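So the protein sequences, as listed, match chains W and F. Note that my numbering has the first sequence beginning at 1, numbered continuously upward. Note that my numbering has the second sequence beginning at 232, numbered continuously upward. Even for Gly, the Cβ is constructed at its ideal location relative to N, Cα and C. All values derive from a computational prediction rather than experimental measurement.
Protein chains: 2
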Amino acid sequence: MKSLEPIGKKEKLYVKIAQQINNAIESDMYKPGDKLPTERELASQLNVSRASIREALAVLEIMNVIDVKVGDGSYVKQRTSNFQFETKDSSVFELIEVRMYIESVIVKLAIERATEQNIKAIEATNEGLRQTIKNQERIDDFFRYGVAFHKKLAEATQNDVLIQIANSLFEQDAHPLWRHLNMKVLLSYEAREHQLHEHEGILAAIKTKDQKKAEELMKHHIEHLKNMFYE
Amino acid sequence: MKSLEPIGKKEKLYVKIAQQINNAIESDMYKPGDKLPTERELASQLNVSRASIREALAVLEIMNVIDVKVGDGSYVKQRTSNFQFETKDSSVFELIEVRMYIESVIVKLAIERATEQNIKAIEATNEGLRQTIKNQERIDDFFRYGVAFHKKLAEATQNDVLIQIANSLFEQDAHPLWRHLNMKVLLSYEAREHQLHEHEGILAAIKTKDQKKAEELMKHHIEHLKNMFYE
DNA sequence: TGTTAAAATTGGTCAGGCAACTAGATTACT
DNA sequence: AGTAATCTAGTTGCCTGACCAATTTTAACA
Numbered sequence: 001m002k003s004l005e006p007i008g009k010k011e012k013l014y015v016k017i018a019q020q021i022n023n024a025i026e027s028d029m030y031k032p033g034d035k036l037p038t039e040r041e042l043a044s045q046l047n048v049s050r051a052s053i054r055e056a057l058a059v060l061e062i063m064n065v066i067d068v069k070v071g072d073g074s075y076v077k078q079r080t081s082n083f084q085f086e087t088k089d090s091s092v093f094e095l096i097e098v099r100m101y102i103e104s105v106i107v108k109l110a111i112e113r114a115t116e117q118n119i120k121a122i123e124a125t126n127e128g129l130r131q132t133i134k135n136q137e138r139i140d141d142f143f144r145y146g147v148a149f150h151k152k153l154a155e156a157t158q159n160d161v162l163i164q165i166a167n168s169l170f171e172q173d174a175h176p177l178w179r180h181l182n183m184k185v186l187l188s189y190e191a192r193e194h195q196l197h198e199h200e201g202i203l204a205a206i207k208t209k210d211q212k213k214a215e216e217l218m219k220h221h222i223e224h225l226k227n228m229f230y231e
Numbered sequence: 232m233k234s235l236e237p238i239g240k241k242e243k244l245y246v247k248i249a250q251q252i253n254n255a256i257e258s259d260m261y262k263p264g265d266k267l268p269t270e271r272e273l274a275s276q277l278n279v280s281r282a283s284i285r286e287a288l289a290v291l292e293i294m295n296v297i298d299v300k301v302g303d304g305s306y307v308k309q310r311t312s313n314f315q316f317e318t319k320d321s322s323v324f325e326l327i328e329v330r331m332y333i334e335s336v337i338v339k340l341a342i343e344r345a346t347e348q349n350i351k352a353i354e355a356t357n358e359g360l361r362q363t364i365k366n367q368e369r370i371d372d373f374f375r376y377g378v379a380f381h382k383k384l385a386e387a388t389q390n391d392v393l394i395q396i397a398n399s400l401f402e403q404d405a406h407p408l409w410r411h412l413n414m415k416v417l418l419s420y421e422a423r424e425h426q427l428h429e430h431e432g433i434l435a436a437i438k439t440k441d442q443k444k445a446e447e448l449m450k451h452h453i454e455h456l457k458n459m460f461y462e
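Structure follows, in structure tokens:
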């Protein structure tokens with residue numbers, strides 16, 4: 001005998017029901033906060049007994065998908081699915097302080113994990129800076145490349161959570177810190193040269209895997225941003 | 232043979248039943264491969280209906296604790312290191328890795344800046360944990376207090392940016408890490424006790440401003456969460 | 001002894017019932 | 001009018017008893 005494989009292992013009914021309800025939720029048929037049909041209604045709709053529905057709901061409740069309230073009904077739980085946050089009204093100091101810590105971690109992990117492609121991507125941002133300085137191109141581009149450097153650095157950590165956090169930090173266009181730095185850089189040729197120089201130094205340290213130096217350079221870099229802001 | 236104990240109050244019946252059976256398994260009353268009493272027997276022993284027993288067994292089966300075979304019985308599963316829910320293990324690792332770094336910073340800053348109110352707020356979350364353990368209240372509350380501890384700790388840094396980052400990390404209800412931890416804590420009394428104990432230790436270290444110890448305890452705490460997930 | 005068939009056991013599902021609870025409408029009171 | 005207490009319809013929580021389907025055990029038989 002060849003195929004003794006259990007071909008279609010029958011799913012238990014409560015599992016099928018749980019899957020179906022879960023699919024309905026994931027496909028936005030029911031959104032967070034929505035009330036599911038009553039147990040009796042579900043039973044009638046799916047042509048099963050209320051007992052089976054309850055077994056399925058118990059599972060979904062344990063899995064934190066729904067919230068079953070006695071005497072009321074079952075509600076789809078709220079689920080936050082990304083690591084975005086806002087920094088609108090937070091102070092410049094706070095933002096810089098956090099960057100100091102986060103980028104320190106990023107540098108450390110980037111040194112451990114950066115791929116050849118990561119390095120190339122980071123290098124490209126520095127090349128971008130160089131070009132915009134040389135050709136006196138639009139300051140917007142300069143600033144974009146500057147931010148891209150830090151983003152690409154974050155990507156080199158290979159940690160999506162960290163990448164998302166970093167991006168959130170860097171994408172606060174409206175934040176006074178960025179506005180201000182943008183202006184400073186706009187006005188000062190020297191500031192642009194300086195920033196490029198610092199980026200190049202950090203990248204060089206990462207390439208040689210000199211963690212201590214890389215972290216120190218990053219620290220100085222951010223310290224410098226801070227001074228730029230307060231001067 | 233020692234029989235399972237009757238039921239208390241408050242938490243939903245099927246949850247209590249699942250807890251009891253799980254505890255019986257974790258305390259080696261039933262070892263991997265062992266056959267549990269029949270549903271009818273469990274119902275009679277626990278003085279509950281078979282329907283409630285089945286809801287509990289459904290949960291335990293989904294959580295990969297037992298294996299329910301039709302016409303045969305329920306068997307305790309081998310405790311292996313595979314997760315039952317299809318989930319990129321990388322995602323969990325990444326979240327834990329980031330928490331490790333972020334919470335380390337949080338502890339450091341909290342020690343420097345926590346106000347009397349901050350400390351009180353953190354203490355309150357521990358008191359909440361204590362109460363829910365004592366009164367066998369709904370596990371949702373326990374989990375909420377557990378998260379609140381880390382949130383209040385973040386608030387003690389007085390850095391809004393950091394607070395928001397921390398919140399974004401802790402509010403991932405749908406993330407497999409939280410789902411899984413929620414379930415573990417739900418079933419295991421010991422896990423709850425352990426968590427409270429660790430939180431108390433961290434708070435104590437912060438109060439005495441013992442930075443080194445606090446950071447180490449936090450590290451162990453998160454390491455422990457990690458083990459809980461992978462065990 | 002080995003095979004087969006019947007019986008007992010066990011989980012799977014169902015229908016229905018009452019109690020406990022919640023939210024919303026209604027009523028009573030100030 | 002505004003507020004508090006009360007009622008009511010609807011929902012979940014839990015239980016009971018029954019029957020079905022898969023599996024194991026037992027018994028009968030060749």
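Sequence-distant residues of its chain with Cβ nearer than 6 Å to residue i (five each side left out)
| i | result |
| --- | --- |
| Val59 (chain W) | Ala18 |
| Glu61 (chain W) | Val68 |
C-alpha distance - residue i paired with residue j, whole-angstrom precision
| i | j | result |
| --- | --- | --- |
| Glu386 (chain F) | Glu354 (chain F) | 13 Å |
| Glu26 (chain W) | Ile66 (chain W) | 12 Å |
| Asp160 (chain W) | Glu328 (chain F) | 11 Å |
| Glu270 (chain F) | Ala51 (chain W) | 15 Å |
| Arg423 (chain F) | Met414 (chain F) | 11 Å |
| Ser188 (chain W) | Met228 (chain W) | 11 Å |
| Lys16 (chain W) | Val76 (chain W) | 18 Å |
| Glu446 (chain F) | Ser335 (chain F) | 6 Å |
| Gln211 (chain W) | Leu153 (chain W) | 14 Å |
| Arg285 (chain F) | Asn295 (chain F) | 15 Å |
| Asp34 (chain W) | Phe143 (chain W) | 43 Å |
| Asp303 (chain F) | Glu11 (chain W) | 17 Å |
| Leu251 (chain W) | Pro176 (chain W) | Lying outside 1 to 231, the shown extent of chain W, residue 251 (chain W) is not represented and no answer is given. |
Proximity test, Cβ basis, 9 Å: residue i and chain W
| i | result |
| --- | --- |
| Val279 (chain F) | no |
| Ala287 (chain F) | yes |
| Ala282 (chain F) | yes |
| Tyr332 (chain F) | yes |
| Val416 (chain F) | no |
| Asn295 (chain F) | no |
| Tyr245 (chain F) | yes |
| Glu454 (chain F) | no |
| Ile396 (chain F) | yes |
| Val338 (chain F) | no |
| Ser322 (chain F) | yes |
| Arg423 (chain F) | no |
Proximal chain F residues relative to residue i, where beta-carbon distance stays under 9 Å
| i | result |
| --- | --- |
| Lys77 (chain W) | Asp404 and Ala405 |
| Gln84 (chain W) | Ser399 |
Contacts of residue i in chain W (Cβ-Cβ under 9 Å)
| i | result |
| --- | --- |
| Arg271 (chain F) | By Cβ distance, chain W contributes nothing, its closest Cβ being about 15 Å from Arg271 (chain F), past 9 Å. |
| Asn413 (chain F) | Ile62, Met63 and Asn64 |
| Arg361 (chain F) | Per Cβ cutoff of 9 Å: no residues; Arg361 (chain F) is ~23 Å from chain W at best. |
| Arg369 (chain F) | Those within 9 Å of Arg369 (chain F) in chain W number zero; the least Cβ separation is about 11 Å. |
Neighbourhood of residue i by C-beta distance below 8 Å, restricted to the same chain and skipping five residues each side
| i | result |
| --- | --- |
| Lys213 (chain W) | Ala205 |
| Leu235 (chain F) | Note that Leu235 (chain F) scores 29 on pLDDT, short of 50, meaning its location in the model is unreliable and no value can be drawn from it. |
| Asp372 (chain F) | Gly359 and Thr363 |
Neighbour flag for residue i against chain F, beta carbons, 9 Å
| i | result |
| --- | --- |
| Ala18 (chain W) | yes |
| Ile21 (chain W) | no |
| Tyr145 (chain W) | no |
| Ser27 (chain W) | no |
| Thr80 (chain W) | yes |
| Lys226 (chain W) | no |
Closer than 8 Å at the beta carbon, the chain F residues around residue i
| i | result |
| --- | --- |
| Glu94 (chain W) | Asn390, Asp391, Val392 and Leu393 |
Beta-carbon proximity list for residue i, same chain, < 7 Å, skipping 5 on both sides
| i | result |
| --- | --- |
| Phe149 (chain W) | Ile122, Thr125, Asn126 and His199 |
| Ala345 (chain F) | Ala387 and Ile437 |
| Tyr30 (chain W) | Ala24, Leu36 and Val76 |
| Gly377 (chain F) | Leu360 and Gln426 |
| Ala56 (chain W) | Tyr14, Ile17, Ala18 and Ile21 |
| Lys209 (chain W) | Ile111 |
| Met449 (chain F) | Glu334, Ser335, Val338 and Ile433 |
Interface partners of residue i on chain F, CB under 7 Å
| i | result |
| --- | --- |
| Glu97 (chain W) | Asn390 |
| Thr115 (chain W) | Correct list: empty, because the minimum Cβ distance to chain F is about 15 Å. |
Cβ contact (3+ pairs, closer than 8 Å) linking the stretch 127 to 136 of chain W and the stretch 361 to 371 of chain F: no
Okay, do the stretch 97 to 111 of chain W and the stretch 215 to 225 of chain W touch, 3+ Cβ pairs below 8 Å being the bar? yes
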